[in-house]
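Numbered per our numbering, the sequence shown spans residues 11 to 300. We put the beta carbon where it would ideally sit given N, CA and C, even for glycine. What follows is a short report on a single structure.
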Amino acid sequence: MELRRTMLFMPGNNPGMLQTADVFGSDSIIFDLEDAVSITEKDSARILIKEAMKNFDYVDIEVVIRINPLSTPFALEDIDVMARMKPDSILLPKSIPEDIKFLDKTLLKIEEEEEFELGSIKIHALVETAMGVELAYETASATSRCISIVLGGEDLAADLGVKRTYDSEELFYARTKIINICKALKIDAIDTPFTDTNDNEGLVMDTEKAKKLGFSGKLAINPRQIGTIHEVFAPTNDEIKHAIRVMEAKKEADKLGLGVFTLNGKMVDLPIINRALNILKIAKTLGLSD
11 MELRRTMLFM
21 PGNNPGMLQT
31 ADVFGSDSII
41 FDLEDAVSIT
51 EKDSARILIK
61 EAMKNFDYVD
71 IEVVIRINPL
81 STPFALEDID
91 VMARMKPDSI
101 LLPKSIPEDI
111 KFLDKTLLKI
121 EEEEEFELGS
131 IKIHALVETA
141 MGVELAYETA
151 SATSRCISIV
161 LGGEDLAADL
171 GVKRTYDSEE
181 LFYARTKIIN
191 ICKALKIDAI
201 DTPFTDTNDN
211 EGLVMDTEKA
221 KKLGFSGKLA
231 INPRQIGTIH
241 EVFAPTNDEI
251 KHAIRVMEAK
261 KEADKLGLGV
271 FTLNGKMVDL
281 PIINRALNIL
291 KIAKTLGLSD
């Protein structure tokens, strides 16, 4: 089971961070060619990331490249250079259906030229505009390469003309819509980062809210955030124990030919069983349970 509890941004123009990118424990690392890199450093950042991918072995971690938006003069070269290094995936800013279809076709051409497995480079759709939110289903379903929708809350708030607030009420509609789309398409939903890197209490609150809403992971902008996010997204001991009891009760119910049964006075049906199975899969992946 592949987890994306955390996707950590790494500035593409910082050699030291590129060298140590895989030591922080994040599930995914995002080498950033966009916001973290000034216009005058785009070319050098691209070269640095290329050399890092050639010389460092990023084991057991998803390597993602955030390219520049397709509306910029940097995007085509970003795709051409980075895709030939065969990253695990590309993070496409300001994703809309036309852009993700273009990226899909461009990646296919490069895979054919480089004799990579066709479709092996995946896409994360970064949704960060009002139009992007409304078109998120069409965007994510435009190609089978798309494995997640990622919410960009800061840019979305700016596009909506509102201030970002501590409890992120302004993002509630976008969050719930994106989650519903991702669940329907069976892809990951990744929440926007919590930008105050010194407020761990706020990070816990925001991550717990994201988990309750149904997100499968969260962007991180500082390595210090990883442990907290992982702790929130990990199943608790009580959740694991309850899931085990559900599956044990199911075995007994199966022997009696019962499709629905009760546990501690509460009805257990297929949705409850599926949730228990998912908790146990995550717990096994994290080494929390056999």
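State buried or exposed for residue i, treating a residue as buried only when at least 16 other CB atoms are found within 10 Å of its CB.
i, result
"M141", "exposed"
"D88", "buried"
"D42", "buried"
"N78", "buried"
"P245", "buried"
"L80", "buried"
"D37", "buried"
"K52", "buried"
"D109", "buried"
Please look up how many angstroms separate the CB atoms of residue i and residue j, rounded, as I've assumed it's under 8 Å.
i, j, result
"E72", "D98", "5 Å"
"V143", "K187", "6 Å"
"I59", "I100", "Not confirmed; about 12 Å, so no contact."
"D216", "R155", "The pair is not a contact, with the Cβ atoms about 29 Å apart (cut-off 8 Å)."
"A135", "L102", "6 Å"
"E180", "A167", "6 Å"
"P233", "L18", "7 Å"
"I239", "T16", "5 Å"
"A85", "I120", "Not really, about 14 Å apart at Cβ, beyond 8 Å."
Return yes when the Cβ of residue j is within less than 7 Å of the Cβ of residue i, no when it is not.
i, j, result
"K104", "E138", "yes"
"D201", "F182", "no"
"L229", "P203", "yes"
"I283", "K260", "yes"
"R76", "I106", "no"
"V301", "E211", "In the structure as shown, the chain starts at 11 and stops at 300, and residue 301 therefore has no counterpart that could be examined."
"L268", "Q235", "no"
"R56", "G227", "no"
I'd like to confirm something about residue i: is its beta-carbon nearer than 6 Å to some heavy atom of the ligand FMN, or not?
i, result
"K228", "Among the components of this structure there are no ligands whatsoever, and the ligand FMN is therefore not found."
Assess contact between the segment 187-198 and the segment 108-127, defined as three or more Cβ pairs (one per stretch) separated by less than 8 Å. Is contact present? Contact between the segment 187-198 and the segment 108-127 is not established, with fewer than three Cβ pairs separated by less than 8 Å.
Considering only residues of the segment 134-206, which uninterrupted beta strand (DSSP E) runs meet the minimum length of 3 residues and lie entirely inside it, listed in chain order? Taking only runs of at least 3 residues, the beta strand (DSSP E) segments lying wholly in the segment 134-206 are 156-161 and 198-201.
Inter-stretch contact (C-beta, 8 Å, three-pair minimum) for the segment 21-28 and the segment 46-58: The segment 21-28 makes contact with the segment 46-58, as at least three CB pairs between them are under 8 Å.
Count the CB pairs spanning the segment 283-296 and the segment 250-262 that are closer than 8 Å, and state whether there are at least three. Cβ pair count under 8 Å is three or more, so yes.
Of all the beta strand (DSSP E) runs that stay within the bounds of the segment 13-40, which reach a length of 3 or more residues? The qualifying runs are 16-21.
Which ranges does the alpha helix (DSSP H) cover as unbroken runs of at least 4 residues, wholly within the segment 71-121, from first to last along the chain? Positions of the alpha helix (DSSP H) runs, each at least 4 residues long and wholly inside the segment 71-121, are given as 85-93 in order along the chain.
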